[in-house]
Structure formats: C-alpha cells, structure tokens
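To start, the structure under review is shown below, and the notes come after it.
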Amino acid sequence: MIRVSRLALVLSAGLSLSACATLSHLKPGQGDKTVASSSTPKAPAAPASSNAPTIDLVKPGQWPQAVSDVAPDPRIRFGVLPNGMRYAIQKNATPPGQAALRLWFDAGSLNETDEQQGLAHFLEHMAFNGSKNVPEGEMTKILERHGLAFGADTNASTNFSETTYQLDLPKTDDDTVDSAIMLLREAAGELTIAPEAVDRERGVVLSEERTRDSPGYRVFVNTFGFQLQGQRPPRRLPIGQTEILKTAPADRIRDFYQAWYRPENAVVVAVGDFDVDAMEAKIKARFGDWKGQGQPGVRPDLGPVAKRGLTAKVLVEPGAQTSVQMAWVLPPDLELETRAKDKEELVKALGFAVLNRRLQVLTRSAEPPFIVAVAMQNDQEHAADITTLSATVRPGDWNQALTALEQEQRRIVQYGVRQDELDREIAALRAGFAAAAAGEATQRTTALAGAIVGTLTDREIVTSPSQNLAVFDEATKGLTADKVSAMLKAQFAGSGPLITIPTPTAIEGAEKAVTDAYAASAKTPVAAPTGPGVTTWPYATFGATGAVVEQKDVTDLDTVFVRFANGVRLTVKPTKFRDDQILVKARIGHGLLDLPAATQSPMWAGSAFIEGGLKQISTQDMERVLNGKVYNAGLGVEDDAFSLSGRTRPEDLDTELQVLAAYATEGGWRPEAFARIKTYYGTIHDQLQSTPSGVMGRDLGGLLHGGDGRWTFPTREQIAGTTLDQLKASVSGPLAADSIEVVIVGDTTVDKAVAAVAQTFGALPPRADLPAPAGAENAPFPAPSPTPITRTHKGRADQGQLFMAWRTDDLFADLQRARNTQVLAQVMQLRLTDELREKQGATYSPSASATASVAFTHWGYLAVSVETPPDKIDGVIASIRKIAADLRDKPITADELERAKKPRIDQIEKARETNEYWLGALSGTQTDPRLLTATRSVLAGLQRVSIADVQKAAQTFLGDDKSWTMIVKPEGK
276 MIRVSRLALV LSAGLSLSAC ATLSHLKPGQ GDKTVASSST PKAPAAPASS NAPTIDLVKP
336 GQWPQAVSDV APDPRIRFGV LPNGMRYAIQ KNATPPGQAA LRLWFDAGSL NETDEQQGLA
396 HFLEHMAFNG SKNVPEGEMT KILERHGLAF GADTNASTNF SETTYQLDLP KTDDDTVDSA
456 IMLLREAAGE LTIAPEAVDR ERGVVLSEER TRDSPGYRVF VNTFGFQLQG QRPPRRLPIG
516 QTEILKTAPA DRIRDFYQAW YRPENAVVVA VGDFDVDAME AKIKARFGDW KGQGQPGVRP
576 DLGPVAKRGL TAKVLVEPGA QTSVQMAWVL PPDLELETRA KDKEELVKAL GFAVLNRRLQ
636 VLTRSAEPPF IVAVAMQNDQ EHAADITTLS ATVRPGDWNQ ALTALEQEQR RIVQYGVRQD
696 ELDREIAALR AGFAAAAAGE ATQRTTALAG AIVGTLTDRE IVTSPSQNLA VFDEATKGLT
756 ADKVSAMLKA QFAGSGPLIT IPTPTAIEGA EKAVTDAYAA SAKTPVAAPT GPGVTTWPYA
816 TFGATGAVVE QKDVTDLDTV FVRFANGVRL TVKPTKFRDD QILVKARIGH GLLDLPAATQ
876 SPMWAGSAFI EGGLKQISTQ DMERVLNGKV YNAGLGVEDD AFSLSGRTRP EDLDTELQVL
936 AAYATEGGWR PEAFARIKTY YGTIHDQLQS TPSGVMGRDL GGLLHGGDGR WTFPTREQIA
996 GTTLDQLKAS VSGPLAADSI EVVIVGDTTV DKAVAAVAQT FGALPPRADL PAPAGAENAP
1056 FPAPSPTPIT RTHKGRADQG QLFMAWRTDD LFADLQRARN TQVLAQVMQL RLTDELREKQ
1116 GATYSPSASA TASVAFTHWG YLAVSVETPP DKIDGVIASI RKIAADLRDK PITADELERA
1176 KKPRIDQIEK ARETNEYWLG ALSGTQTDPR LLTATRSVLA GLQRVSIADV QKAAQTFLGD
1236 DKSWTMIVKP EGK
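Numbers given in the working numbering equal positions in the sequence shown, counted from 1, plus 275.
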C-alpha cells in the first residue's frame, strides 16, 4: 500500500471540518474524541536556530533519546545490534495473546534515482514474491496457515521516505512468532527478485496505480509540485512512472534493494503479549547475521525552498471538488526533539486550534463562505514546512472563500488570539490528553506499534500518554495569549501566500483573477474578534428518574438486560478491554424498515441532523458549554433501527447520555446545517462519475435492491429538490415516539449505567413497541443477468471495474449454511488472489465476501469485486466463472480450508476483545434472541465447516445461470 502525507490527504479530500497543528507523537488518544477540540495533525516548528541541536545529531544505528533530554516511554525496551539494526520491544496484553511486528526501513521513493522511479514501491511488492528460503507465493500461505489474513493482518506501505512491513499476529506461540520473524528477515536481506516474478507482478503494481489515479489525487500531485517548486519530493511520487514500472529490469530493483535495505537503515518493532527477553533473543538470533550487500545508498539533496511572494495556480480538473488553498512555505524544521521543543509545538497547536475554531464558526453561519475549512501546518519530508488554510467551496464561490480565508488569517495575525479562546482550547485539548493517559494501561497492541513506527522518520522519541499529559500541563501552566499569538504569527512568515484553486471548470481571468481578488481583500480592514455570549447546558434533566421494572443477567456473555417502566430497554456489558472507554448506542424505531420503498430516501442528508444542533442550543454553543467533556453524537440508519451513538469516558457518561437523549427528543433542525450538506452534494455526481469506483458506489446499492428507494443514490434533481421537512419527516417520528434500546459497553458498572440511563432515556414519557410497516422486510434482489449491467465513467480509458453476485439467503434461514457460505467466500478470495493477482497480474486487490441480512427476509449474496482494465473484463469474468465451476465440481483442499477458516476465526477472536464488537453484537438482542444465538455460536459454527460443506454451498449458490454482474467502463467503450 502507498501512503501519502497527512497534508496530501487534506489537499486531495478537502473535507476535514477542523484541524490544528501539534506534535506527531505527543497527542491525545485517537479513539476517544474531545468534541470541542479540533483534530491535530503533525506540525514541525519554524526552522531551527543556528545554535539549536538538529536531527543530524542522531547517527545511523542510534536512538534519538541518546542525544536528547526527552525520556522515552519506559515500557519499551530499545536496543541496537552490532550490525546497526535497531529494535524496540514492548509487552502489552491488550488484547491478550496477540502481537504486532513491524519492519521499518529509512528509505522510500525519495531515495530513487531517475531510472528507479516507482521501484521502492515495486520492491515492497516483491517482498511477498520469493526469497532465499521461501518460494514465490508461499509467504502469504504460511501466514494464512497461522491465521493472518492477507491485507488485514499482512501488509506493507511505501512512502516518500520510509517503507514499513507489518504482521499482526493472532497468536504468540513460538511457531507463529518464529515464522513471522523468519519472514521479516527474509524480506530484509534474502529476496530473490527473480525476473520472471517481477514480470508477473508488473500488472499488479500498474493496477494499484490505476486504482489510485483520481481527480483528487491529480489535484494533490499538481498542488504538491506548485508548493514545492523545484524540490525533489514532487518528482518522486511513491507510485513512480508507469513506463518504468512496465519496463524496469529486475536488476534495477535489486540495486535499490542492496543500496537501502541494510541493517543500519532498519528497525524491528515488536509489541504484544510475549516475554520481552524471549522476543529480544529471537530478534538477535534471526537478524544478528544480517549484513548489507554492495555499496550503501547516498541520500539525495531535497533542494531549497523557492523564494516567492503572492503566486496563484488554477488547476482545472474535471470531477474535482472546488476548493481554495492558501499556503506559506518555510524551510524545513530540522531541530532535534527536546523538552523545550515539545512545549513550543504544543503552544503552536493551541494557536492553530483557535484559528480552526474561528473557521468552524464561519462554516456554521447563516451565509457560510465555504462548506468546510481547515488550518494546519505540516512537514513535507524534511524538504519544507507548509502552513495551509484550505476550504472546500461551492462551485463558482472561490472568490468569497478566498476573501474569508485571507481576512481570517490576517485577523489572527493582526490581533492574535484572545485569552478566553486560548483557555477553551487548553481545556479541550487537555481532556483528550487526560483520557489517553487514563487508558494507558489498555492501549491496543497495533496502536502502540504504530506509535513507535510513527516516530522513526522524523527521529522523534516515543513517549507514553502520561508523559504527554505531564508535558502538556507544564507547557500550558501560565500560558498567555500573547505567547501563542506570537508563535502562530511566525508560521505565516514563509514564501507566499501560494494560492491554489482546484476547479472542475476554468476560471475567467485564471491566475490573474485570483491574485487580484486576494489583493482586493487585503485592502479591507479587519476588526478584532468579539467574545462569545454566556450559555448554559439546557438538557441536564429529563424529568423524574425512571424506574427499573425488570433486570436479567445473561451470564455467559457477562451482559445484563434491563427494562424501565417507560418501556426503554438497556443492555449493559461492563468490560476492561479499554480503560476509560465507554461506547453508547441508542437504537430507536426500525431504521430502513420504517422508510418507504417507493420513494427516494432523504437520508443521504442525515448528517445535517447532528450538525443542526438541539432545539434549545446550537451545535456551536453546545461545544462551548460542554468544553472539556469527552462525548460525541452520530446518527446512523441501520437495517432495523435508527441509531444515536457516541463514545465517552466514565466521568462523562452522564453527559453523553444527556446529549443522545436530547437529540432523540429535541433535534434543532437548523436549516443552515441542511443547506451545507445539500451544497456539498450538489456536485457529488461529477465527482463520482470521474472514477469506476465512484460509479460503482453510486449505483450498486440501488441495483442490488431492485431500485428500492431506501438504497438508491439520489439523482441531481432529487438532491436539488429535497427539503429539510422531508428529512425531518423520515427521522423525527420514530425518534419521538418509537421504542428505544440503549446499549452500553465498556469501562463502567451495571449500576452506573442503569443510573445514567434512568436519568435520561428512562425518564422520558412512555414509548410503545410500534411494529415496522407491513411487508417492509421484503427487499427485492435482481434477477440473474445473462449479460452484465453496464455503467460508464469519465475517468481514464484504462480504468474498469466489475461486480459479480450470486443470491444466497438471510442469516436465520439456515444459520450454519450462512457460515458455510462465509467460508466459501474466503476460499474464493484465496483463488481470486492466486489467479487474478499472482498468475495473471490483472488486478491489485480482488475481493470476495458474503452478506446475509438479519432484517430482510431471504436477502443475502456472495460477491466478487475486481478492478481491471476494460479490455481484460471479459477474461476476468471467464476466470471467475471457472473458479466458481471448480468450487462446485471439485472439493477444495484441506490446506485451502485451513487458510480460509483460520484467519476468519482469528479475526473474530481478536474482535471479541474490543468494545466495538460487543456494541454491534448486542444491538437488538433484547427483541430478537436469535442474535444471541448467532453470537454464541459464531466460532463453533465456523470451526464446524467442512470441505463437503463448502462444496455444497458452491453447488447451491454458484451456478453460472444464477449470477448477476455489473461492470463499469469508460465512456465510449
């Protein structure tokens, strides 16, 4: 997998509501959200002063804490082998019996020569295609036999400056661990890179290049090149040059391998439920004899930041979302991380948080100048630091958005931040740090491994959540608005502003019109921002505390069922999977079952409900009043319920339930929020039409349900004609009067959960168990298609996609047969990967899956999805049919059965150690006990599946005359 920088993601997506700068490693937990706080991408500081220590002090084979005053996380054992390879080992038992291994290289696409562009990423693919001791095609099979699923547990990524291999182990027995370490060692120094294997992999890499090429990606590429004019990173995109990918000989890939895959450039990370001494011994034994081959690579110069003033670039890209981006480019910050540096970064983060809050207020205004906006700063691969203000705008409104961004940037530079604004962001950000520290003992293994790897490229020091909280408190003690204002002002001192406007259609006057608009805005005086008014939280009480009339223990699942006098049901499962984490879901009514099938659903605009706030308080005021609380709210439409969900911590459980109960009873339905969502969707068809995956995502749901309006995507005309009253009519009735089931899972007790619900949902007026509309459970499924259903896209001529489905049945028609079909899908996935990816090189990531509804009678399917060039679609369809025929006609092998079942079983076992799994598994169980049976039997049911069961399922469902196929081709083909 290729990863792009965080800034690149923002540039290409343009949809983040808010963001602010902060340390990349010194941040609150990413699971729980402090609603009043903005999200916090990484941001280096201004260029280091001449006497400040720099990252060059950290030598190959050295950990940065050796030359810094920042102490690393004491739970981690750091080491260096005599050959220069570093390792970091941490014991962690959340979840128990699992581990995460990472092999990281300080090398990526920036290290390529002109003739090697794309080969760092190509080499990553070759790591799975043969080594000295593992034949081509066997690495993935070895891992599958140990329960690792390809993609989910076995993966790799190539960036500009790093390459990472990851193995997530479902077990930590010696056989599994030894096999995993052996395979990483093979990737490190024993790859064969055989010419014939390289040729087979070319199509896979080219498929990945096709899949990722979209209007958003092209906007990123051009913006990146504009902002880093004349520098190396834009000329070394990880995917590389297609002609090189098509023709580069194996020796050229091997040259890169020997130059950069060397012990002094490598780090092994091991986190999990194992003995640290034993793991260290295994790493030493396996990697101790590794020696670099040939001459080491020479790190290239990245080039200086170009000195420029006001400059504009209009990027006309059909299918792109219109946006405005203003950037100031500074020389790279190469200062070594120290305690003083960490404090500076936190001060800067708070400044960006204030600016983002101001942009958010504009977004929610009656006449917003943009749909969403974000301010942030990012390091770009040690080539530059870029401060960016970016906004997604309505088509044609670029001038209005540019003016608003220019004036807000100038306002904060001229007047700075107010102390009340700063204090608010300190409280909000601290809540996140505190929540992360409280959950430190149950951080998840994969997250810990990711945190260690995340510090390597920038030579930072991994620290614990409690250490981060202490630094935050130290940095913010006595912190003044003047200090934050001065720090923030310095971030706009670089070259620029560089203004980029991606647009699907040309702008009259092009770049001159943009610079003229900026100059005109700059002449307009700006006033100091005004302070907010005083508001109180109006939803602290909901009436008399509800009485419990029934309580039942479900002992085998450590769950309690509760029913209140008003009819509200509560399901509670206390867990210790994650300290300080509680998940809450209120399921109300019947969801899709409540919606009419004959008319287009307005639920595409459902996010306007939460953004519209509450009747007595707006979202903006709610966030300010509840600042420092950890809570959130989201509206979902499930097959059989509307859901209001959130996550919180024990001390804020009352607040979370107050918020959800308030939304259930007094939604605000503010038209500004609905108008904002409707504006965004106004151009969504142009964006979706630009790629085959976009067209597939737009049309597939409706086609698979026979045109039923609950699943169809709205047309342009339907989007334009939808009203807030239509959305309100679909949601407000069930929320106001229908049955309520509250599910709470996490770090709480039954008594505390009951008390919190009794004061909120349990205190509401009585709710009746209203039935779903008659016949709503009957959802249509398309008849088999002798010829594929064809749709077209407006993207590249070599992009295509197909989806083939065979109708099966709902989950409860035959529970064991549904499990058999799941394993059949896993076997088909194995064969698709082997045939279409490994043998034919026709696609990057073919997939097979099985779906069985629990709400719609006899509705289910087994499906295959493949991206491939249009001229290969017929051949791919023929290959899929041949695979299906083989599965019908011949028994699968015992090895295939094991490689299909074991990863699936291990995935479920891993998932059962999470609150998220149980929130879903327990939803609806009080009214449909069949769901409890399904949860109890899932592992045994999968283990029970035999070779004969898989063949019988294939014979039952995979007939050639039973398939339904959809393809997406370019227009005109």
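Beta carbons: idealized from backbone N, C-alpha and C, even for Gly.
- Pairwise C-beta distances place the stretch 476–491 in contact with the stretch 1102–1118, as three or more of them are shorter than 8 Å.
- For Met1241, DSSP records a beta bridge to Ile1064, Phe1078.
- If you ignore the 5 residues before and after Ala1186, its C-beta comes within less than 7 Å of the C-beta of Tyr1192, all in its own chain and listed in chain order.
- The Cβ neighbour count for Gln766, taken over all protein chains shown within 10 Å, is at least 16; the residue is labelled buried.
- At a cut-off of 3 residues, not a single continuous stretch assigned as beta strand (DSSP E) sits fully inside the stretch 705–749.
- Around the CB of Thr1024, fewer than 16 other CB atoms lie within 10 Å, so the residue is classed as exposed.
- Annotation for Leu910: the continuous beta strand (DSSP E) segment containing it runs 909–913.
- The stretch 1009–1068 contains, as complete alpha helix (DSSP H) runs of 4+ residues, the segments 1025–1033 (chain order).
- Secondary structure of Pro989 (DSSP, three-state): coil.
- Spatial neighbours of Lys764 in its own chain (CB-CB distance under 7 Å, excluding positions within 5 residues in sequence) are listed in chain order as Val688.
- When rounded, the separation of the alpha-carbon atoms in Val546 and Ala1033 is 41 Å.
- DSSP places Ser665 in the strand class (E or B) of the three-state scheme.
- Closest in alpha carbon position to Pro1059, among Ser760, His980, Gly909, is His980.
- DSSP places Trp673 in the uninterrupted alpha helix (DSSP H) bounded by 673–690.
- Arg991 counts as exposed, since fewer than 16 other beta carbons sit within 10 angstroms of its beta carbon.
- By the beta-carbon neighbour count (other beta carbons within 10 angstroms, threshold 16), Lys334 is exposed.
- According to the DSSP assignment, Arg477 belongs to no beta strand (DSSP E) but to the alpha helix (DSSP H) extending over 470–487.
- For Lys764, the enclosing alpha helix (DSSP H) begins and ends at 756–765.
- Excluding residues up to 5 positions away in sequence, Leu512 lie with their Cβ nearer than 7 Å to the Cβ of Val496 in the same chain.
- Within the same chain, Cβ atoms closer than 7 Å to the Cβ of Asp344 are found at Thr613, Arg614, the five residues on either side in sequence being excluded.
- In this structure, the straight-line span from the alpha carbon of Pro445 to that of Pro779 is close to 46 Å.
- Taking every protein chain shown into account, the CB of Ala1049 has fewer than 16 other CB atoms within 10 angstroms, so this residue is exposed.
- When Glu947, Pro871, Leu664, Glu931 are compared, the shortest CA-CA separation from Arg985 is found for Pro871.
- The beta carbons of Tyr906 and Glu931 sit closer together than 8 Å.
- Using a Cβ distance threshold of 8 Å, Glu1016 and Thr846 count as a contacting pair.
- For the 8 Å CB-CB criterion, His1068 and Ser1140 do not form a contact.
- Scanning the stretch 1171–1236 from its first residue to its last, the whole alpha helix (DSSP H) runs of 4-plus residues come out as 1190–1197, 1205–1219, 1222–1232.
- DSSP places Phe645 in the coil class of the three-state scheme, outside both helix and strand.
- By the CB criterion at 8 Å, Val604 and Gly491 fall outside the cutoff.
- Within a 10 Å sphere around the beta-carbon of Arg377 sit 16 or more other beta-carbons, which makes this residue buried.
- Spatial neighbours of Phe403 in its own chain (CB-CB distance under 7 Å, excluding positions within 5 residues in sequence) are listed in chain order as Met414, Thr415.
- According to DSSP, residue pairing for Lys1165 in a beta bridge does not occur.
- Excluding residues up to 5 positions away in sequence, Glu390, Gln391, Leu394 lie with their Cβ nearer than 8 Å to the Cβ of Arg527 in the same chain.
- Burial state of Pro575 is exposed, judged by a 10 Å Cβ sphere holding fewer than 16 other Cβ atoms.
- Short of 6 Å from the beta carbon of Val589, and not among the five residues preceding or following it, lie these beta carbons of its own chain, in chain order: Ile776, Ile782, Ala785, Glu786.
- Runs of the beta strand (DSSP E) spanning 3 or more residues and lying entirely within the stretch 1112–1157 occur at 1122–1127, 1135–1142, in chain order.
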